[in-house]
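Right, one structure below, let's go through it.
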Amino acid sequence: MTVQGKPLTDEDRAIYEWQLDVPGFGEEGQERLKGASVLISRVGGLGSVVAYELAAAGIGRLVLVHAGNIKPSDLNRQLAMTHDALGTPRVVSAKRRLNELNPRMSIDAISENITDDNAERLVGEVDLVVDCAPLFEERFAMNREAVRQGKPLVECAMYELEAHITTIIPGQTPCLACLHPEEPPAWRRRFPVFGAVSGTVGCMGAMEAIKVLGGLGAPLAGRMVTMDLRDMTFRTMKLTRNPNCPICSHLNKRC
Amino acid sequence: MNITVEYTAQLKARTGCSDETFEVDSSCDLPALFSAIAGRHGDPVREIVLDAQDTPVQVLCFVNDKQVDWGAPPQLAEGAKITIMSPISGG
Ligand SMILES: [Zn+2]
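So the protein sequences, as listed, match chains A and B.
Mapping to the numbering used here: the first sequence position 2 is 2, numbers consecutive.
Residues are numbered in the numbering used here as their position in the second sequence, beginning at 1, plus a constant of 255.
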């Protein structure tokens, strides 16, 4: 993918010097991150950590999408939320917290969730999307737009002590609809999870975004890492495209 | 023939195991295996693996680590390992 980089300042070089030494990244990768924008939906257990790590890494702009106010039950895992902000909009708390860490970046805090109506506009604002949303209808709307606009989509998910992650490159890898051709009937909005689980996969999601945007390493394209932190089992599964996928099969490159 | 079935996430929680063996006829295909799984574990598992018409929900599933194409589900053979990835999300 091509992201137009932005030149670094001396302050940038001082802040990012530990990662500027990473082979395959360097000043060029940092400039790309500075020029890049990422949509994160939502900024809950996963999205808070994705956003925090991207803010730390020097992403240029984040678009945070999450409706609603902070509830007590958010605080076990939604690390961009704070106790003193209970009852106030989640994205406002997230923006404040992220700007404490990185006041140089730009943050669009949007107090809505992804729908069929806003997906085109919101995905159109960014270079890459990280899906941290709980409902399959939101995820399918994001996937549809990411595929249509050719934007990479990092898919993170979790349950109890388990999680998985994959990176969708439209036209090259399976899309979300290749993996889940229909909406799972038994999925519920609320499920058991620890913040340390969402945080683990959130860090991985941020790393995937950094790799794709910064042009280093081998993203999880066409591969899914699944993990069970109860016994620390990690597996990598090879994924294949659905030749009849209604969302992406018209894009011809196979992975 | 004997088939090993591995579960993740909600399916692991609702079956109470991470893997188990099914002894099935040699003609058993993937839809028949999903019915056998629902039959062994009842409604909490049935609602994940079968829809209201008792046809398999097209979950992410692997046979011997190869992803199932629900348009052309593979034949099962003695000793096959099926991994059923219970759908999960963020939050
Ligand atoms: Zn697809």
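Just so you know, even glycine gets a beta-carbon here, dropped at the ideal spot from N, CA and C.
Original post:
Who are the neighbours of B/L315 on chain A, taking C-beta pairs under 7 Å?
Top reply: Here residue 315 of chain B refers to the residue found at position 60 of the second sequence. Going along chain A in sequence order, the residues near B/L315 (Cβ under 7 Å) are L179 and H180.
Original post:
Quick one: is A/L45 near chain B, going by C-beta distance under 8 Å?
Top reply: For this step, residue 45 of chain A is matched to residue 45 along the first sequence. According to the sequence as given, residue 45 of chain A is Gly; it is not Leu. A/G45 counts as touching chain B.
**OP:** Indicate whether at least one CB of chain B lies closer than 8 Å to the CB of A/E31.
**Re:** On the first sequence, residue 31 of chain A is found 31 positions in, with the first residue counted as 1. No, because no Cβ of chain B sits closer than 8 Å to the Cβ of A/E31.
Original post:
Taking the DSSP output, what are the residues bridged to B/Q322?
Top reply: Position 67 of the second sequence, counted from the first residue, corresponds to residue 322 of chain B. BP columns for B/Q322 point to B/F317.
Original post:
With a Cβ-Cβ cutoff of 8 Å, do A/G45 and A/N69 count as a contact?
Top reply: As a first step, residue 45 of chain A must be located in the first sequence, where it is residue number 45. As a first step, residue 69 of chain A must be located in the first sequence, where it is residue number 69. Contact flag unset, no.
Subject >> Through-space distance from B/W325 to A/C178, alpha-carbon basis >> reply: The residue labelled residue 178 of chain A in the question sits at position 178 within the first sequence. The residue labelled residue 325 of chain B in the question sits at position 70 within the second sequence. In a straight line, the C-alpha of A/C178 is about 10 Å away from that of B/W325.
Original post:
Would you say the segment 295-306 of chain B touches the segment 211-223 of chain A, given that touching needs at least three Cβ pairs under 8 Å?
Top reply: no
Original post:
Does DSSP put A/F25 in a helix, in a strand, or in coil?
Top reply: Position 25 of the first sequence holds residue 25 of chain A. Coil at A/F25, not helix or strand.
Original post:
Touch check for the segment 85-99 of chain A and the segment 55-64 of chain A: three-plus C-beta pairs under 8 Å?
Top reply: yes
**OP:** Compare the C-beta of B/I339 with all C-beta atoms of chain A and state if any pair is closer than 8 Å.
**Re:** On the second sequence, residue 339 of chain B is found 84 positions in, with the first residue counted as 1. Among the CB atoms of chain A, none fall inside 8 Å of the CB of B/I339.
Subject >> Residues from the segment 48-63 of chain A in contact with chain B, defined by Cβ distance under 9 Å >> reply: If the cut-off is 9 Å between Cβ atoms, the segment 48-63 of chain A has nothing near chain B.
**OP:** State the Cα-Cα distance for the pair A/I107 and A/E125, rounded to the nearest angstrom.
**Re:** Along the first sequence, one-based indexing puts residue 107 of chain A at 107. Along the first sequence, one-based indexing puts residue 125 of chain A at 125. Rounded to whole angstroms, A/I107 to A/E125 spans 12 Å at the Cα level.
Subject >> Buried versus exposed, by CB contacts within 10 Å (16 or more), B/A332 >> reply: Along the second sequence, read from residue 1 onward, the residue named residue 332 of chain B stands at position 77. By the neighbour-count rule (16 or more Cβ atoms within 10 Å), B/A332 is not buried but exposed.
Original post:
What are the complete beta strand (DSSP E) segments, minimum 3 residues, inside the segment 55-143 of chain A?
Top reply: 61-65, 106-110 and 128-131
**OP:** For A/F25, decide whether its Cβ has a neighbour in chain B, counting only Cβ atoms nearer than 8 Å.
**Re:** Position 25 of the first sequence, counting from 1, holds the residue named residue 25 of chain A. It does not: the Cβ of A/F25 has no partner Cβ on chain B nearer than 8 Å.
**OP:** Specify the secondary structure class of A/V43 as computed by DSSP and reduced to three states.
**Re:** One-based indexing of the first sequence puts residue 43 of chain A at position 43. In the structure shown, A/V43 sits in coil (DSSP, three-state: anything other than H, G, I, E or B).
Subject >> Alpha-carbon spacing of A/F191 relative to A/Y159, whole angstroms >> reply: As a working mapping, residue 191 of chain A is identified with position 191 in the first sequence. As a working mapping, residue 159 of chain A is identified with position 159 in the first sequence. Roughly 7 Å separates the two Cα atoms.
Original post:
For B/Y262, which three-state DSSP category applies?
Top reply: Here residue 262 of chain B is taken as the residue at index 7 of the second sequence, counted from 1. Correct three-state label for B/Y262: strand.
**OP:** Report yes or no: is there a C-beta of chain B within less than 8 Å of the C-beta of A/F191?
**Re:** Residue numbering aside, residue 191 of chain A sits at position 191 when the first sequence is read from its first letter. Answer yes: the Cβ-Cβ gap between A/F191 and chain B drops below 8 Å somewhere.
Subject >> Proximity test, Cβ basis, 8 Å: B/S282 and chain A >> reply: By 1-based counting over the second sequence, the position of residue 282 of chain B is 27. No, B/S282 does not count as interfacial toward chain A.
Original post:
Taking a cut of 8 Å between CB atoms, which residues from the segment 114-141 of chain A lie near chain B?
Top reply: D131, C132, A133, P134, L135, F136 and R139
**OP:** Just the chain B side, please: which residues come within less than 8 Å of A/C156 by C-beta, in chain order?
**Re:** Reading the first sequence from its first residue, position 156 is the one you call residue 156 of chain A. Going along chain B in sequence order, the residues near A/C156 (Cβ under 8 Å) are G345.
Subject >> Sequence-distant residues of the same chain with beta carbon closer than 8 Å to B/V286, five excluded per side >> reply: Start at 1 with the first residue of the second sequence, and residue 286 of chain B comes out as number 31. The sequence as given places Pro at residue 286 of chain B; Val does not occur at that position. So the list reads T310, P311 and P328, once near-sequence residues are dropped.
Original post:
Nearest chain A C-beta to B/G294 closer than 8 Å, yes or no?
Top reply: Position 39 of the second sequence, counting from 1, holds the residue named residue 294 of chain B. Under the Cβ distance rule, B/G294 does not count among the residues neighbouring chain A, no pair being separated by less than 8 Å.
Subject >> chain A contacts from the segment 299-310 of chain B (Cβ-Cβ distance under 7 Å) >> reply: E302, I303 and D306
Original post:
Nearest to A/V212 by alpha carbon, out of A/L54, A/P184 and A/D12?
Top reply: Start at 1 with the first residue of the first sequence, and residue 212 of chain A comes out as number 212. Residue A/L54 is the option with its Cα nearest to A/V212.
Original post:
Under a CB-based cut-off of 8 Å, is B/T263 close to chain D?
Top reply: Structure shown: chain D not included; protein chains present are A and B.
Original post:
Hey, is the segment 110-124 of chain A in contact with the segment 17-30 of chain A, meaning 3+ C-beta pairs nearer than 8 Å?
Top reply: Contact fails: fewer than three Cβ-Cβ distances are below 8 Å.
Original post:
Is DSSP giving A/Y159 helix, strand or coil here?
Top reply: Along the first sequence, read from residue 1 onward, the residue named residue 159 of chain A stands at position 159. Reduced to three states, the DSSP call for A/Y159 is strand.
**OP:** With DSSP as the reference, label A/K34 as helix, strand or coil.
**Re:** As a first step, residue 34 of chain A is located in the first sequence; it is residue number 34 there, counting from the start. Looking at A/K34 - three-state DSSP - the assignment turns out to be helix.
Original post:
Is A/R241 near ligand 2, judged by its Cβ being under 7 Å from some heavy atom?
Top reply: No copy of ligand 2 appears in this structure; the ligands present are ligand 1.
Subject >> Touching by the beta-carbon criterion (3+ pairs, under 8 Å), the segment 173-189 of chain A and the segment 332-345 of chain B >> reply: yes
Subject >> Backbone secondary structure at A/E182 - three-state DSSP >> reply: As a first step, residue 182 of chain A is located in the first sequence; it is residue number 182 there, counting from the start. Shown here, A/E182 sits in coil according to DSSP, grouped into three states, outside any helix or strand.
Original post:
To which residues of the same chain is A/D127 closer than 6 Å at the C-beta, ignoring the five residues directly before and after it?
Top reply: Residue 127 of chain A sits at position 127 when you count from the first residue of the first sequence. The answer, listed in chain order, is V3, A36 and S37.
**OP:** With DSSP as the reference, label A/C255 as helix, strand or coil.
**Re:** Sequence index remark: in the first sequence, residue 255 of chain A carries index 255 (1-based). Because the pLDDT of A/C255 is 47, which lies under 50, any placement of that residue in the model is unreliable, and the number read from its coordinates should be weighed accordingly. In this structure, A/C255 counts as coil in the three-state DSSP scheme.
**OP:** Using the Cα positions of A/R295 and A/L161, report the straight-line distance between them to the nearest angstrom.
**Re:** Only positions 1 to 255 of chain A appear in the structure, and residue 295 of chain A is not among them; the question remains open.
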